[in-house]
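So the structure is just underneath, and the comments pick up after that.
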Amino acid sequence: MTEIISIENREDIVRDANSKAILKTDLSEKKSWYMRKQRNNQITSNKNEINNIREELSEIKTMVKEIKNILKVSE
């Protein structure tokens, strides 16, 4: 089990005795951070999806132009 060491004059952080890492104890802050991270990940995912759709739309436009040119030549 991990041993936790209190830090003098600080209630918001503690030290892990094994790794010497400083850990936040404020769970509401951690939850808020996690929510921001999730929201940012969703925004990034949405941006990627939009960019993929733009690329596909551009390909479709190119194909339509090619078809239009083929139909013009065959008339």
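Under this note's numbering, the first residue of the sequence shown is numbered 40, with each subsequent residue one higher.
From the three backbone atoms N, C-alpha and C, an ideal C-beta is built for every residue, glycine too.
Everything numeric in this text was worked out from a predicted model, so none of it was measured.
Backbone CA spacing between residue i and residue j [nearest angstrom]
i	j	result
residue 51	residue 42	17 Å
residue 86	residue 79	10 Å
residue 74	residue 112	57 Å
residue 103	residue 110	10 Å
residue 59	residue 49	16 Å
Cβ pair residue i, residue j closer than 9 Å
i	j	result
residue 54	residue 66	no
residue 56	residue 44	yes
Next item on the list: Would you mind listing the beta strand (DSSP E) stretches within the segment 53-106 that are 3+ residues and don't spill past its ends, in chain order?
Entry: If we require 3 residues or more, the beta strand (DSSP E) runs fully inside the segment 53-106 come out as 61-63.
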